[in-house]
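Sequential numbering from 4 applies to the sequence shown in the numbering used here.
Presented below is the structure to which this report refers.
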Amino acid sequence: MAGETTITVIGNLTADPELRFTPSGSAVANFTIASTPRTFDRQTNEWKDGDALFLRASVWREQAENAAETLTKGMRVIAQGNLRSRSYDTKEGERRTVMELEVDEIGPSLRFASAKVTRTQRSGGNGGGNGFQNPTQRQSNAPQQNNAPQQGGGWNAPANDPWSAGGNNGGGWGNPGADEPPF
Numbered sequence: 004m005a006g007e008t009t010i011t012v013i014g015n016l017t018a019d020p021e022l023r024f025t026p027s028g029s030a031v032a033n034f035t036i037a038s039t040p041r042t043f044d045r046q047t048n049e050w051k052d053g054d055a056l057f058l059r060a061s062v063w064r065e066q067a068e069n070a071a072e073t074l075t076k077g078m079r080v081i082a083q084g085n086l087r088s089r090s091y092d093t094k095e096g097e098r099r100t101v102m103e104l105e106v107d108e109i110g111p112s113l114r115f116a117s118a119k120v121t122r123t124q125r126s127g128g129n130g131g132g133n134g135f136q137n138p139t140q141r142q143s144n145a146p147q148q149n150n151a152p153q154q155g156g157g158w159n160a161p162a163n164d165p166w167s168a169g170g171n172n173g174g175g176w177g178n179p180g181a182d183e184p185p186f
């Protein structure tokens, strides 16, 4: 949408994401990202922390469930989304305005950590549907029982995944036959 203020914030979560559901059943996860700039002081030969920015953020639907399941307090994250202002009245009758981040994309930063990505299965036969699913239907993190080598990339794509032609048996990025990524 034109006129949106899109920003990227890198920082640490101040608490675990709070997952809630609207009366209509939509999931929303709320959390705060603390972003502290660091500069190197050449005179003292030390790193100095600047003033921290504490930014409230929210993420919706299946991504909210994934964020609540994946992200924890203290984790360094990269979040991209639209900056929104919201005004409200305090109990004392004062008008306040706050800035909040409506997250489009979020994930752990790999600068000082590593992560193992597990793709969630989509509802609907061919990637259609509304994208919602019961959390008990998610793909398990448990190791596979068969010892057959996986083909078609470093993750186990669902058979109906549009980005990996043929699921785990020959298509998709990472397969010697694929000559470009799926994006």
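From the three backbone atoms N, C-alpha and C, an ideal C-beta is built for every residue, glycine too.
For clarity, every value in this text was computed on a predicted model and none was experimentally measured.
Beta-carbon spacing of residue i, residue j below 9 angstroms
| i | j | result |
| --- | --- | --- |
| residue 20 | residue 71 | yes |
| residue 16 | residue 100 | no |
| residue 104 | residue 60 | yes |
| residue 110 | residue 118 | yes |
| residue 55 | residue 12 | no |
| residue 40 | residue 53 | yes |
| residue 98 | residue 90 | yes |
| residue 14 | residue 120 | no |
Close-in-space but distant-in-sequence residues of the same chain around residue i (CB under 6 angstroms, 5 per side omitted)
| i | result |
| --- | --- |
| residue 32 | 20, 22, 62, 67, 70, 71 |
| residue 134 | Because residue 134 carries a pLDDT of 43, less than 50, the predicted location of this residue cannot be relied on, and the following value inherits that uncertainty. So the qualifying residues of the chain are 65. |
| residue 6 | none |
Beta-ladder partner(s) of residue i, from DSSP
| i | result |
| --- | --- |
| residue 100 | 90 |
| residue 43 | 50 |
| residue 105 | 61, 85 |
Short CB-CB distance (under 9 angstroms) between residue i and chain C
| i | result |
| --- | --- |
| residue 64 | Given the protein chain composition of this structure (a single chain), no chain C is represented. |
Whole-Å CB distance - residue i paired with residue j, under 8 angstroms assumed
| i | j | result |
| --- | --- | --- |
| residue 42 | residue 58 | Actually they are not in contact, since the Cβ atoms of residue 42 and residue 58 sit about 20 angstroms apart, beyond 8 angstroms. |
| residue 84 | residue 107 | 5 angstroms |
| residue 24 | residue 30 | 6 angstroms |
Proximal residues to residue i (C-beta, below 7 angstroms), its chain only, five neighbours per side dropped
| i | result |
| --- | --- |
| residue 86 | 8, 10, 102, 104 |
8 angstroms Cβ shell around residue i - same chain, five flanking residues per side excluded
| i | result |
| --- | --- |
| residue 44 | 50, 51 |
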